[in-house]
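Count the sequence shown with the working numbering and you get residues 1361 to 1661, in order. We put the CB at the ideal spot given by N, CA and C, even for glycine. Accompanying notes for the structure given below.
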Amino acid sequence: MTRIGFIGSGKMAQALARGFIASGRVEASNIIASSPKSDVALLEQAKILGINTTHENTEVSHNSDIVFIAVKPPHVSKVASEIASSFRRDQLLVSIALGITIRNIEALLPSKSRVVRVMPNTPAVVGAGASAYSVGSACLDGDSRVVQELLSTVGYAVEVPEVYIDPVTGLSGSGPSYMFAAIEGLADGGVKMGLPRDLSIKLAAHTLLGAAKMVLETGEHPAVLKEEVQSPAGSTIYGIHELERGGMRGLLINAVEAASNRSKNVGDQNLPRQSIPDEAEESEKETPQTPNTTVKRQNKK
Ligand SMILES: NC(=O)c1ccc[n+]([C@@H]2O[C@H](COP(=O)([O-])OP(=O)(O)OC[C@H]3O[C@@H](n4cnc5c(N)ncnc54)[C@H](OP(=O)(O)O)[C@@H]3O)[C@@H](O)[C@H]2O)c1
C-alpha cells in the first residue's frame, strides 16, 4: 500500500489524512506526519488517528512514497531544501502551499523530481472539498491518477493546467470564507425579520447546500435556476433587486480577482530570488496553454 507523508500537520494535512483513512484508500499506519517541536498538540491529534508522527521532516521523506508539503508558504523553501538531498525519483512530491509554483519547487529538488501542485479547500474536513491539481513535467504516467484518487476521498477533484491554480485559489480555495459570510448575512436577515438565530443559520446553510446541489445535479446554468424561482411581482425578484442594487455579483467577481492576485504575489514573496522564474519567460511559457477541456471529474464517494 502507498506510504503517505505530511510535512506540516495542520488543518489541511489532518483533513486530507482523515479522508484518506476513512475511504480505506490508505491505512493510518502507512501515514507519517511531522511538525515542529512546538506543535506537540497537533501531533497528538494525528496519533489519535493512528498516524505515525515525528519532528524530523527527513524521516517523513525517507518513509513515504508520496510526500505532501503542507506548511505555510514562507516555510516551503526551507522544508523542500531539508529533504532535497535524499529525495528520490521514485517518490512523488505534492505541494498544497498557496502560490508556490511547480517550477519553484522543482528548482529546490533534484532535477527530474516529480512534483504535483494542489489547491484544496477546507470543506475537505467534512468530505466535501473541492481540489484542483496540476502535474509537473517530470511526473510519470499514473501520477495524476493516484493524486485524483487520493483527493477524491475528500470531495471533488479535478486536474487543471497550472495557470488555473491562482484563479482556483481565488475561487474555491478562498470561496468557503465568502460563503460563510453569505450564510452569516442571510442568517442576520432572518434574525432581523424575527427568526431565532440558530434556526436562521440552519436555514441559510441548507439553502446554500441545496442551491449548490441543484447546480451540480441538474446541470442547468445558475441563471436559469435563478430565474425559475422568480415569479412576476413575487417576493424573490424584490430580494434579487436589492442584491443587484448592492452589486453582489460584481463583489464576488472582485473577491475572486483579489484573492487570485494575492495567491500569485504570495508565491513570489516566499521563495529565494534565484528560484523565481523570469516574468517574461514565465508569461511566454504560460500564454500558449489552452484550457484542458477534458479534465477529469470525480465526485466523492
Ligand atoms: N487552510 C486552507 O483553507 C488552505 C486551503 C488551501 C491550501 N492551503 C495551504 O495549505 C498549507 C497548510 O495550511 P494549513 O491551513 O493546514 O496551515 P496550518 O494549520 O498552519 O498548518 C501548517 C503546519 O505546518 C507547521 N510547520 C511550520 N514549519 C514547519 C516545518 N519547518 N516543518 C514541519 N512543519 C512545519 C506549522 O507549525 P507552526 O504552527 O508551529 O508554525 C503548522 O502546524 C498552506 O501552505 C496553505 O497555503 C490551506
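Ignore the nearest five residues each way along the sequence and tell me which others in Leu1425's own chain have a CB closer than 8 Å to its CB.
-> Looking at the sequence provided, one finds Asp at residue 1425 rather than Leu. Contacts found: Thr1362, Arg1363, Ile1364, Asp1450, Gln1451 and Leu1452.
Nonlocal neighbours in the same chain, by C-beta distance under 6 Å from Ala1619, ignoring five residues either side = Gly1530 and Ser1534
Name the DSSP beta bridge partners of Val1478, please?
-> Tyr1493
Hey, would you say the C-beta of Arg1399 is under 6 Å away from at least one heavy atom of ligand 1?
-> Correcting the residue type first, residue 1399 is Asp in the shown sequence and not Arg. It does: the Cβ of Asp1399 is within 6 Å (strictly closer) of some heavy atom of ligand 1.
Would you identify the three-state DSSP class for Phe1366, choosing helix, strand or coil?
-> strand
If we ignore side chains and look at the alpha-carbon of each, how far apart do Val1524 and Gly1459 end up?
-> In the sequence as displayed, the identity of residue 1524 is Tyr instead of Val. Here the alpha carbon of Tyr1524 sits roughly 11 Å from the alpha carbon of Gly1459.
Within the segment 1564 to 1639, ranges of the alpha helix (DSSP H) (whole runs, at least 4 residues) = 1582 to 1588, 1595 to 1606 and 1608 to 1629
Can you check DSSP and say which residues form a bridge with Phe1428?
-> BP columns for Phe1428 point to Phe1366 and Val1454.
What separation, rounded to the nearest whole angstrom, lies between the Cα atoms of Val1486 and Ser1441?
-> 33 Å
Can you list, in chain order, every residue whose CB sits closer than 6 Å to a heavy atom of ligand 1?
-> Ile1367, Gly1368, Ser1369, Gly1370, Lys1371, Met1372, Ala1373, Ser1394, Ser1395, Pro1396, Ser1398, Asp1399, Leu1402, Asn1417, Ala1430, Val1431, Lys1432, Pro1433, His1435, Lys1438, Val1439, Ile1456, Ala1457, Leu1458, Met1479, Pro1480, Asn1481, Thr1482 and Gly1533
Output yes or no for whether 7 Å exceeds the beta carbon distance between Thr1418 and Leu1403.
-> no
In three-state DSSP terms, what is Leu1423?
-> Note that residue 1423 corresponds to Asn in the displayed sequence, not to Leu. Reduced to three states, the DSSP call for Asn1423 is coil.
Is the beta carbon of Ala1388 sitting closer than 7 Å to the one on Leu1409?
-> yes
Proximity to Asn1625 [Cα-Cα], best of Gly1607, Ser1455 and Thr1461 = Asn1625 has its Cα closest to that of Thr1461, out of Gly1607, Ser1455 and Thr1461.
Do you know how far the Cα of Gln1508 is from the Cα of Asn1423?
-> 22 Å
DSSP three-state assignment for Gly1530, whether helix, strand or coil = helix
Which listed residue (Pro1470, Gly1502, Ile1543 and Thr1596) has its alpha carbon closest to that of Arg1557 | Ile1543
Could you tell me which residues DSSP puts in a beta bridge with Asn1412?
-> Ile1392
When you compare only the Cα positions, how much space is there between Lys1397 and Ser1497?
-> In this structure, the CA atom of Lys1397 is about 35 Å from the CA atom of Ser1497.
Three-state secondary structure assigned by DSSP to Gly1515 | strand
Burial state of Pro1480 (16 or more Cβ within 10 Å) | The residue is buried, with at least 16 neighbouring Cβ atoms inside 10 Å.
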